[in-house]
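Let me begin by presenting the structure, written as structure tokens, before commenting on it.
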Amino acid sequence: MNQRLFLWMAVAAMATLGSVSAQTAPQTTPKSAKAAADPKTPWGDPDIQGTWTSDDTWGVPFERPKNFGTRATLTEDELQARQKTVSNSEEFVETGGANHSPAKAQLDAKEKGEAAPAPPPGRFGRGVDSAPVPGHWGEFARRPSHQTSQIVDPPDGRLPALTPEAQAKLDAKNKVRREAIPASYTNWSYYDRCITRGVAGSILPVIYGNGLQIVQTPGYVAIRYEMVHDVRIIPTDGRPHLNSNIRSYMGDAVGHWEGKTLVVETTNFLGDRMAVGVNGDGGAPYSEDLKLTERFTRVSPNTVNYEMIVDDPKTYTATWKVAFPITQEPGYQLFEYACHEGNMAMHNMLNAARLDDKKAAAAAAK
Amino acid sequence: MKNKLWIAAAGIGLLLGVAPVWAHHAFAAEFDVNKPLVLHGTVTKMEWINPHAWIHLDVKNADGTTTSWMIEAGAPNGLLRRGFNKASLPPGTEIVVEGWQAKDESTRANGSNITYPDGRKLFIGSQGTGAPGDKGDKGDK
Amino acid sequence: MIVAASWAAIFLSVLPAAGQTAAPRVPRMADGKPNLTGLWQAMGTADWNIQDHSAAAGPFYQLGAIGAIPPGQGIVEGGEIPYKPEALQKKNVNFTNRFKDDPELKCYMPGVPRAAYLPYPFQIIQSQKDILFAYEYATTNRLINMGKPQEAATDTWMGTSNGHWEKDTLVVDVTGFNGNAWFDRAGDFASDSLHVVERYSLLDANTMNYEATIEDPATFTRPWKINVILYRHREKDARLLEFKCVEFTEQLLYGDLVRKPSK
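Chains as they are written, first to last, in my numbering: chain A, 12 to 377; chain B, -17 to 123; chain C, 5 to 267.
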């Protein structure tokens, strides 16, 4: 099943929720705070330092559901519905989940001689993927976003059409990801393999680990992402990009200040591996010609408006843009995320796959 | 109670919808949905490793023998941010794990629902980070 | 020349960095603190072995001279690491299995102090408050908290770093290690009770003294020190590049679980 489709379904599900009364949450950009929003470093650059998280955009679909058309923001009623999901997700985390016991339900049914409850469709329509993620896993948005989608341009909030080459690459990737019995670690995403989530994947909000930290010094801005511990060292002294023979997952970033906005242009990507999407895996693999232009603007003491323009003519038939705020939250800090070092899942999944191979061979021999 | 139902549905609906792009890896590749289990055991070790914490559990079998299980839990960093730390689940703690056994048939399982024997959930709520304004702030500035 | 250099090294290592009277001409931040921002790297072969060692053949004869182990003078003050007897045994086992068990081989985080003398550069970004260390190897990084010291919430590869300035020396206190990191490719190691105090002192604009005091009562009979000089990369446009080594280790780590091509 298409992941994007899945997200819309999730949003549709949220929109149809009942009408438990909800209190109105603070706006992400209080106007009164704007006056105090221009802190400067001792050397005179705009100061955007701190630990930030994209948690508040949690639950905002990446692409806009079609029924919203070109409407970029929610109505008051829709906002209240989202507030409810925000409160519910917080409650889910704070209570450890509302009495869900899917494994026990299966066992109980077995004991009673009843048929096991059918697992609802998961990522690929089967398996434990369909089980609710335990409440203790999650982090959550603190206030509801007004946005109908993370993509704000084109005006319909939807990805431009893929080029035929990109569509073919996406199809090939999906085929590998969905092989019934994975042959190798390369069947999994670069994120599953603990290599990276890429530039976009490191900031697009997911279930947990949406934190990043900005550190500045004269001539540089550094951005450190918690999950898979990527760091970007961004010179702001006007130097050009590295030679195109030097390519990397996180690309080569150079920056400059436009008023109080940090503008970061990143090129020199390794092509045909990562996607500009959730966890660096959602969507078509980008080409080595990808250019990302990001803007970081501090609009209040605790809010930076983030936007990213995606330009990759070999993959997308037009440029597109995502935009959302990142916020500072009291007590929120980054911790070491030694992903590869603790990636027992990779071993376990491959071990399971080889056992499946044996079973399949035995079945075929019968 | 209708409201409660709604909340449960919301939580689960939410998670169902977004889980595919949330979770670090595909569960179905690692755990077997046809092997649900409930384990009552004693914690021997909690490994605070990313991307998933692992709880080591000694489970007494009916025949008096003991089997060591490893239970996959969530990403530790979210728990650390909520104020849990390496002392939060000491060895000797009795817990109940509902989940699914590993597909490779080892004594590993995914911990879908982890509780104390009296039903209280492990890892719930915020322990407080000590930050000003945080609900766990003890007032020591 | 060599004599002069080693004399200088001795002189500098003897001089307590915090007690230097005539402050060297170094780049400074607006508040007067030395500005350590830059791309730094240790010379030498400490990552092969932090103790004195002769040249030796490498594990893979196919690599010829490229794969050989270069000789090097150690960085351990006094030359010897004061292992407890049982810890020395473990070190010897590590040494025997070093081309199989070294965390560097698996692209695991290097820990402290090893990160400082890996054969890769690292970038310091010094803000008006906290200081970021970004290492090229494995995109490891750590933030030195210069505010109110924080206790380690849990044990990690790189530990929890609390820093402060003693005159012109950056002193970093590191605790909360998980005990999995090694000090070098020769199997030197410590336990999860490791406590490292690092001292970074600019000698001039382009060289920096790095000293680390290593304390681990479970492994060593007494605290001991290492001392390395770090050099600034002065090449035009020198930058920290990306060395994501995970994918270079997957066949090694998971290869036996990959489906074999059918014959």
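Glycine included, each C-beta is placed from N, C-alpha and C at the ideal position.
>> Which complete beta strand (DSSP E) runs does the segment 57 to 108 of chain B hold, if anything under 3 residues is left out?
In response: 76 to 84 and 90 to 97
> For C:Asp159, which residues in chain B fall below 8 Å Cβ to Cβ?
Replying inline: Trp30 and Lys68
> What residues in the segment 337 to 351 of chain A bring their beta carbon closer than 9 Å to a beta carbon of chain C?
Replying inline: Gln344, Leu345, Phe346, Glu347, Ala349, Cys350 and His351
> Between which two residues does the alpha helix (DSSP H) harbouring A:Arg188 extend?
Replying inline: Pro175 to Arg188
>> Using the three-state DSSP reduction, which class does C:Thr144 fall into: helix, strand or coil?
In response: coil
> Rounded to the nearest angstrom, how far is the Cβ of C:Phe247 from that of C:Ala142, given a contact under 8 Å?
Replying inline: 7 Å
> Is the segment 86 to 99 of chain C touching the segment 232 to 243 of chain C, taking contact as three or more C-beta pairs under 8 Å?
Replying inline: no
> Taking 8 Å as the CB-CB limit, is A:Ile9 close to chain C?
Replying inline: Lying outside 12 to 377, the shown extent of chain A, residue 9 of chain A is not represented and no answer is given.
>> Please classify C:Asp1 as buried or exposed, where buried requires at least 16 neighbouring CB atoms within 10 angstroms.
In response: No answer is possible for residue 1 of chain C: the residues shown for chain C start at 5 and end at 267.
> Is A:Lys370 helix, strand or coil when you go by DSSP?
Replying inline: helix
> Among A:Ser98, A:Pro57, A:Thr68 and A:Trp54, which one has its Cα closest to the Cα of A:Asn221?
Replying inline: A:Thr68
>> If you measure between the beta carbons of A:Met357 and C:Tyr258, is that distance less than 8 Å?
In response: yes
>> So, with DSSP's three-state summary, where would you put C:Ser195?
In response: coil
> Where does A:Ser32 fall in DSSP's three states?
Replying inline: Here the model assigns A:Ser32 a pLDDT of 31, short of 50, so the residue's position is not dependable, and the following value carries that caveat. Three-state DSSP puts A:Ser32 in coil, outside helix and strand.
> Excluding sequence positions up to five away, which residues of its chain have a Cβ less than 7 Å from the Cβ of A:Val289?
Replying inline: Phe73, Gly212, Leu215 and Val217
> At which residues does the alpha helix (DSSP H) containing C:Ala209 begin and terminate?
Replying inline: Element bounds for C:Ala209: n/a, residue is neither H nor E.
>> Under 9 Å, CB to CB, which of the residues in the segment 52 to 64 of chain B have a partner in chain A?
In response: Met52, Glu54, Ala55, Gly56, Ala57, Pro58, Asn59, Gly60, Leu61, Leu62, Arg63 and Arg64
> With A:Ala11 and B:Asn95 assumed to form a contact (beta carbons below 8 Å), what rounded beta-carbon distance in angstroms separates them?
Replying inline: In the structure as shown, chain A begins at 12 and stops at 377. Residue 11 of chain A is therefore absent and cannot be evaluated.
> By Cβ distance below 6 Å, which residues in the same chain neighbour B:Asn103 in space, the five residues on each side in sequence not counted?
Replying inline: In the sequence as presented, Asn is not what sits at residue 103 of chain B; that position holds Lys. Excluding sequence neighbours, B:Lys103 sits near Thr97.
>> Per DSSP, what are the beta-bridge partners of C:Ser165 in this structure?
In response: C:Val178
>> For a contact defined as C-beta to C-beta under 8 Å, what are the partners of A:Asn354 on chain B?
In response: Pro33
>> Short of 6 Å in beta carbon distance, which residues of its chain neighbour C:Trp228, apart from the five on each side in sequence? Order them along the chain.
In response: Pro86 and Ile218
> How is A:Met360 classed by DSSP in three states: helix, strand or coil?
Replying inline: helix
> Beta-carbon separation of C:Trp186 and A:Glu347 under 8 Å?
Replying inline: no
> So, helix, strand or coil for C:Ala120, using DSSP?
Replying inline: helix
> On the premise that C:Leu234 lies in contact with C:Gln45, defined as a C-beta separation below 8 Å, what is that separation, rounded to the nearest angstrom?
Replying inline: 7 Å
> Is it true that the CB of A:Arg208 sits closer than 8 Å to the CB of A:Gly342?
Replying inline: no
> Per DSSP, what kind of secondary structure is B:Asp45 in: helix, strand or coil?
Replying inline: coil
>> Applying the 10 Å Cβ sphere with the 16-neighbour rule, what's the burial state of C:Gln255?
In response: exposed
>> Would you say C:Ala34 lies against chain A (beta-carbon separation less than 8 Å)?
In response: yes
> Within the 8 Å Cβ cut-off, does A:Ala363 reach chain B?
Replying inline: yes
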